[in-house]
(Lines of atoms letter the chains of each structure in order from A and count residues from 1; the text may use other names and numbers.)
(Lines give C-alpha, C1' and ligand atoms only; values in the text may rest on other atoms or scores of the structure.)
Protein backbone atom coordinates (compact mmCIF):
# COMPACT_ATOMS: atom_id res chain seq x y z
CA UNK A 1 0.00 0.00 0.00
CA UNK A 2 1.10 3.56 -0.67
CA UNK A 3 1.58 5.95 2.24
CA UNK A 4 0.88 8.97 0.04
CA UNK A 5 -2.59 7.69 -0.87
CA UNK A 6 -3.77 7.04 2.69
CA UNK A 7 -5.37 9.30 5.29
CA UNK A 8 -3.98 9.56 8.80
CA UNK A 9 -6.80 7.46 10.34
CA UNK A 10 -5.89 4.74 7.80
CA UNK A 11 -2.31 4.79 9.10
CA UNK A 12 -3.49 4.77 12.70
CA UNK A 13 -5.45 1.58 12.03
CA UNK A 14 -2.50 -0.38 10.58
CA UNK A 15 -0.64 -3.10 12.42
CA UNK A 16 2.64 -1.74 13.78
CA UNK A 17 4.30 -4.96 12.60
CA UNK A 18 3.68 -3.92 9.01
CA UNK A 19 7.04 -3.35 7.32
CA UNK A 20 7.63 0.23 6.16
CA UNK A 21 9.74 0.57 3.01
CA UNK A 22 11.47 3.87 2.25
CA UNK A 23 12.88 3.82 -1.31
CA UNK A 24 15.96 6.07 -1.70
CA UNK A 25 17.70 7.03 -4.94
CA UNK A 26 19.35 10.07 -6.57
CA UNK A 27 19.34 12.79 -9.21
CA UNK A 28 22.84 12.90 -10.73
CA UNK A 29 24.80 12.69 -13.95
CA UNK A 30 24.76 9.37 -15.82
CA UNK A 31 27.29 9.97 -18.56
CA UNK A 32 26.57 11.54 -21.91
CA UNK A 33 23.89 9.03 -22.92
CA UNK A 34 21.65 8.69 -19.84
CA UNK A 35 19.29 11.06 -17.98
CA UNK A 36 20.00 12.55 -14.56
CA UNK A 37 16.98 10.81 -13.03
CA UNK A 38 18.17 7.30 -13.97
CA UNK A 39 18.58 5.91 -10.44
CA UNK A 40 15.16 7.15 -9.33
CA UNK A 41 13.42 5.89 -12.47
CA UNK A 42 14.99 2.44 -12.17
CA UNK A 43 14.31 2.03 -8.47
CA UNK A 44 10.79 3.32 -9.02
CA UNK A 45 10.15 0.54 -11.53
CA UNK A 46 11.59 -2.11 -9.21
CA UNK A 47 9.38 -0.85 -6.37
CA UNK A 48 6.33 -0.71 -8.67
CA UNK A 49 6.76 -4.38 -9.50
CA UNK A 50 7.33 -5.31 -5.87
CA UNK A 51 4.27 -3.34 -4.74
CA UNK A 52 2.07 -5.32 -7.14
CA UNK A 53 3.15 -8.56 -5.45
CA UNK A 54 3.00 -7.54 -1.80
CA UNK A 55 -0.20 -5.47 -2.03
CA UNK A 56 -1.49 -4.94 1.53
CA UNK A 57 1.42 -6.53 3.39
CA UNK A 58 3.95 -3.68 3.15
CA UNK A 59 3.65 0.11 3.47
CA UNK A 60 5.66 2.02 0.84
CA UNK A 61 6.60 5.68 1.28
CA UNK A 62 7.15 7.94 -1.74
CA UNK A 63 10.58 7.56 -3.30
CA UNK A 64 13.23 9.94 -1.92
CA UNK A 65 14.92 11.22 -5.08
CA UNK A 66 17.67 13.28 -3.42
CA UNK A 67 20.77 11.24 -2.63
CA UNK A 68 24.40 11.41 -1.56
CA UNK A 69 25.94 12.33 -4.92
CA UNK A 70 28.83 14.66 -4.08
CA UNK A 71 31.26 12.54 -6.09
CA UNK A 72 29.29 13.51 -9.23
CA UNK A 73 29.17 17.26 -8.59
CA UNK A 74 31.76 18.05 -11.29
CA UNK A 75 29.03 17.24 -13.84
CA UNK A 76 26.34 19.92 -14.36
CA UNK A 77 22.84 19.10 -13.18
CA UNK A 78 23.80 16.78 -10.32
CA UNK A 79 21.96 17.51 -7.07
CA UNK A 80 23.12 16.20 -3.70
CA UNK A 81 22.78 16.49 0.03
CA UNK A 82 26.05 16.72 1.94
CA UNK A 83 26.95 13.25 3.30
CA UNK A 84 26.25 14.00 6.97
CA UNK A 85 23.07 15.91 6.11
CA UNK A 86 21.89 12.97 4.03
CA UNK A 87 22.66 10.47 6.78
CA UNK A 88 20.64 12.53 9.25
CA UNK A 89 17.80 12.85 6.73
CA UNK A 90 17.59 9.05 6.43
CA UNK A 91 17.63 8.69 10.22
CA UNK A 92 14.85 11.25 10.58
CA UNK A 93 12.65 9.63 7.95
CA UNK A 94 12.98 6.23 9.62
CA UNK A 95 12.52 7.68 13.11
CA UNK A 96 9.22 9.28 12.05
CA UNK A 97 7.81 5.78 11.77
CA UNK A 98 9.31 4.67 15.09
CA UNK A 99 7.54 7.66 16.66
CA UNK A 100 4.28 6.43 15.10
CA UNK A 101 4.87 2.97 16.58
CA UNK A 102 6.09 0.97 13.57
CA UNK A 103 8.79 -1.60 14.30
CA UNK A 104 10.10 -2.78 10.92
CA UNK A 105 11.77 -0.13 8.77
CA UNK A 106 13.59 -0.93 5.52
CA UNK A 107 15.55 1.48 3.34
CA UNK A 108 15.55 0.07 -0.21
CA UNK A 109 18.29 1.83 -2.12
CA UNK A 110 18.95 2.41 -5.82
CA UNK A 111 22.17 4.47 -5.81
CA UNK A 112 25.70 3.36 -4.91
CA UNK A 113 26.53 6.58 -3.05
CA UNK A 114 23.66 5.94 -0.64
CA UNK A 115 24.92 2.56 0.55
CA UNK A 116 27.25 3.77 3.32
CA UNK A 117 24.94 6.56 4.62
CA UNK A 118 21.97 4.16 4.64
CA UNK A 119 23.85 1.53 6.61
CA UNK A 120 25.22 4.09 9.06
CA UNK A 121 21.83 5.73 9.56
CA UNK A 122 20.22 2.45 10.56
CA UNK A 123 23.21 1.57 12.76
CA UNK A 124 23.03 4.89 14.62
CA UNK A 125 19.27 4.67 15.02
CA UNK A 126 19.57 1.19 16.54
CA UNK A 127 22.09 2.48 19.09
CA UNK A 128 19.65 5.22 20.09
CA UNK A 129 16.91 2.63 20.70
CA UNK A 130 19.23 -0.02 22.09
CA UNK A 131 16.82 -1.07 24.85
CA UNK A 132 14.19 -2.09 22.31
CA UNK A 133 14.02 -5.76 21.36
CA UNK A 134 11.11 -5.45 18.94
CA UNK A 135 12.81 -3.42 16.20
CA UNK A 136 14.37 -4.39 12.89
CA UNK A 137 16.08 -1.49 11.11
CA UNK A 138 17.48 -2.38 7.70
CA UNK A 139 19.20 -0.87 4.70
CA UNK A 140 19.64 -2.77 1.45
CA UNK A 141 20.35 -2.08 -2.23
CA UNK A 142 18.28 -3.80 -4.89
CA UNK A 143 21.18 -5.23 -6.89
CA UNK A 144 23.03 -6.66 -3.84
CA UNK A 145 20.47 -9.18 -2.59
CA UNK A 146 22.11 -12.25 -4.11
CA UNK A 147 21.03 -12.71 -7.70
CA UNK A 148 23.81 -13.09 -10.29
CA UNK A 149 22.27 -12.02 -13.61
CA UNK A 150 25.17 -13.40 -15.68
CA UNK A 151 24.34 -16.90 -14.46
CA UNK A 152 20.80 -16.47 -15.83
CA UNK A 153 21.77 -14.84 -19.14
CA UNK A 154 25.33 -15.36 -20.34
CA UNK A 155 24.97 -12.60 -22.95
CA UNK A 156 25.39 -10.06 -20.14
CA UNK A 157 28.95 -8.78 -20.31
CA UNK A 158 29.13 -7.17 -16.87
CA UNK A 159 29.02 -9.24 -13.71
CA UNK A 160 28.13 -6.39 -11.35
CA UNK A 161 26.50 -2.98 -11.34
CA UNK A 162 28.43 -0.01 -12.72
CA UNK A 163 27.19 3.49 -13.51
CA UNK A 164 25.21 4.27 -16.67
CA UNK A 165 26.56 0.85 -17.61
CA UNK A 166 25.26 -2.18 -19.52
CA UNK A 167 22.84 -2.95 -16.72
CA UNK A 168 21.43 0.53 -16.09
CA UNK A 169 21.32 1.37 -19.80
CA UNK A 170 19.45 -1.87 -20.51
CA UNK A 171 16.91 -1.11 -17.80
CA UNK A 172 16.35 2.41 -19.14
CA UNK A 173 15.92 1.01 -22.65
CA UNK A 174 13.17 -1.18 -21.21
CA UNK A 175 11.16 1.58 -19.54
CA UNK A 176 12.19 4.96 -21.07
CA UNK A 177 14.09 4.35 -24.32
CA UNK A 178 13.35 7.88 -25.55
CA UNK A 179 15.65 9.22 -22.78
CA UNK A 180 18.66 7.14 -23.83
CA UNK A 181 21.24 8.66 -26.16
CA UNK A 182 23.67 6.93 -28.53
CA UNK A 183 24.82 4.25 -26.11
CA UNK A 184 26.31 2.02 -28.83
CA UNK A 185 29.05 4.57 -29.53
CA UNK A 186 29.99 4.97 -25.86
CA UNK A 187 33.44 3.56 -24.98
CA UNK A 188 33.94 1.03 -22.19
CA UNK A 189 35.25 2.42 -18.89
CA UNK A 190 36.81 -0.16 -16.50
CA UNK A 191 34.65 -0.97 -13.49
CA UNK A 192 37.53 -2.11 -11.29
CA UNK A 193 39.44 0.54 -9.36
CA UNK A 194 43.24 0.04 -9.51
CA UNK A 195 43.47 0.45 -5.72
CA UNK A 196 41.08 -2.37 -4.80
CA UNK A 197 40.59 -4.09 -2.39
CA UNK A 198 41.14 -0.94 -0.32
CA UNK A 199 38.23 1.47 -0.18
CA UNK A 200 39.33 4.59 -2.01
CA UNK A 201 38.04 8.08 -1.44
CA UNK A 202 37.20 9.14 -5.00
CA UNK A 203 35.29 11.52 -7.18
CA UNK A 204 33.86 10.38 -10.49
CA UNK A 205 36.43 12.34 -12.49
CA UNK A 206 39.13 10.12 -10.92
CA UNK A 207 37.68 7.16 -12.76
CA UNK A 208 35.72 8.44 -15.76
CA UNK A 209 35.95 11.58 -17.89
CA UNK A 210 32.54 11.07 -19.60
CA UNK A 211 30.86 10.06 -16.32
CA UNK A 212 29.83 6.46 -16.98
CA UNK A 213 31.54 3.34 -15.62
CA UNK A 214 31.06 0.03 -17.40
CA UNK A 215 30.09 -1.12 -20.89
CA UNK A 216 26.80 0.45 -21.98
CA UNK A 217 27.36 -0.44 -25.65
CA UNK A 218 26.20 -3.99 -24.86
CA UNK A 219 22.82 -2.89 -23.49
CA UNK A 220 19.41 -4.01 -24.77
CA UNK A 221 15.80 -3.69 -23.69
CA UNK A 222 15.59 -7.50 -23.43
CA UNK A 223 18.43 -7.53 -20.92
CA UNK A 224 16.68 -4.72 -19.09
CA UNK A 225 13.49 -6.73 -18.67
CA UNK A 226 15.49 -9.67 -17.31
CA UNK A 227 17.29 -7.42 -14.83
CA UNK A 228 14.05 -5.83 -13.62
CA UNK A 229 12.50 -9.25 -13.13
CA UNK A 230 15.47 -10.63 -11.22
CA UNK A 231 15.89 -7.58 -9.02
CA UNK A 232 12.17 -7.31 -8.25
CA UNK A 233 12.14 -11.02 -7.35
CA UNK A 234 15.02 -10.45 -4.94
CA UNK A 235 13.47 -7.41 -3.26
CA UNK A 236 10.07 -9.09 -2.93
CA UNK A 237 11.61 -12.22 -1.41
CA UNK A 238 13.60 -10.13 1.03
CA UNK A 239 10.55 -8.17 2.14
CA UNK A 240 8.67 -11.46 2.58
CA UNK A 241 11.32 -12.36 5.16
CA UNK A 242 10.58 -9.14 7.04
CA UNK A 243 6.84 -9.78 6.90
CA UNK A 244 7.45 -13.28 8.31
CA UNK A 245 9.75 -12.13 11.14
CA UNK A 246 8.40 -13.40 14.45
CA UNK A 247 9.74 -10.47 16.46
CA UNK A 248 12.10 -12.64 18.47
CA UNK A 249 15.19 -10.57 17.76
CA UNK A 250 16.30 -12.87 14.94
CA UNK A 251 15.37 -12.40 11.31
CA UNK A 252 13.43 -15.16 9.60
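Residue numbers (the working numbering): 75 to 326.
Where a beta carbon is used, it is the ideal one built from N, C-alpha and C, also for glycine.
All values reported here derive from a predicted model rather than from experimental measurement.
{"Item": "Could you give the first and the last residue of the continuous beta strand (DSSP E) run that contains residue 211?", "Value": "210-215"}
{"Item": "Is it buried or exposed for residue 183, if we count other Cβ within 10 angstroms and need 16 for buried?", "Value": "buried"}
{"Item": "Find out if the Cβ-Cβ distance for the pair residue 109, residue 138 is shorter than 8 angstroms.", "Value": "no"}
{"Item": "Beta-carbon separation of residue 237 and residue 107 under 8 angstroms?", "Value": "no"}
{"Item": "Measuring only the C-alpha atoms, how far is residue 242 from residue 321?", "Value": "36 angstroms"}
{"Item": "Short of 6 angstroms in beta carbon distance, which residues of its chain neighbour residue 326, apart from the five on each side in sequence? Order them along the chain.", "Value": "Low per-residue confidence applies at residue 326: pLDDT is 43, beneath 50, and the placement is therefore not dependable, though the value from the model is reported in the following sentence. Closer than 6 angstroms at the Cβ level, and outside the excluded window around residue 326, lie 315, 318 and 319."}
{"Item": "What do you reckon, are the CB atoms on residue 134 and residue 199 nearer than 8 angstroms?", "Value": "no"}
{"Item": "Using a Cβ cut-off of 8 angstroms (strictly closer), state whether residue 179 contacts chain B.", "Value": "Here there is only one protein chain, and chain B is not present."}
{"Item": "By DSSP's criteria, residue 101 is part of a beta bridge. Which residues make up the other side?", "Value": "153"}
{"Item": "I think residue 246 touches residue 115, with their Cβ atoms under 8 angstroms apart; what is that distance to the nearest whole Å?", "Value": "7 angstroms"}
{"Item": "Which one or two residues does DSSP pair with residue 127 in a beta bridge?", "Value": "Its beta-bridge partners do not exist; DSSP assigns none."}
{"Item": "Apply the 10 Å Cβ neighbour rule to residue 220 and answer buried if 16 or more other Cβ atoms are within range, or exposed otherwise.", "Value": "exposed"}
{"Item": "My guess is that residue 360 and residue 140 are in contact by the Cβ rule of under 8 angstroms, so how many angstroms apart are they, rounded?", "Value": "Absent from the structure is residue 360, since the part of the chain shown begins at 75 and ends at 326."}
{"Item": "Who does residue 288 pair with in a DSSP beta bridge?", "Value": "263"}
{"Item": "Determine the extent of the beta strand (DSSP E) in which residue 140 is found, giving its start and end residues.", "Value": "Taken as a continuous stretch (DSSP letters only), residue 140 belongs to no beta strand (DSSP E), as it is neither H nor E."}
{"Item": "Can you tell me which of 250, 209 and 308 puts its alpha carbon nearest to the alpha carbon of residue 90?", "Value": "209"}
{"Item": "So, is residue 122 buried or exposed, given that buried needs 16 or more other C-beta atoms within 10 angstroms?", "Value": "exposed"}
{"Item": "At the level of alpha carbons, what is the spacing between residue 164 and residue 125?", "Value": "21 angstroms"}
{"Item": "Take residue 129 as the anchor and find which of 265, 112, 144 and 92 has the nearest alpha-carbon.", "Value": "92"}
{"Item": "Residue 262 to residue 287, Cα distance in whole Å?", "Value": "7 angstroms"}
{"Item": "What is the C-beta distance between residue 257 and residue 290, in whole angstroms, given that I count them as a contact (C-beta under 8 angstroms)?", "Value": "5 angstroms"}
{"Item": "Counting only the same chain and skipping the five closest in sequence on each side, list residues whose C-beta sits under 6 angstroms from that of residue 86.", "Value": "none"}
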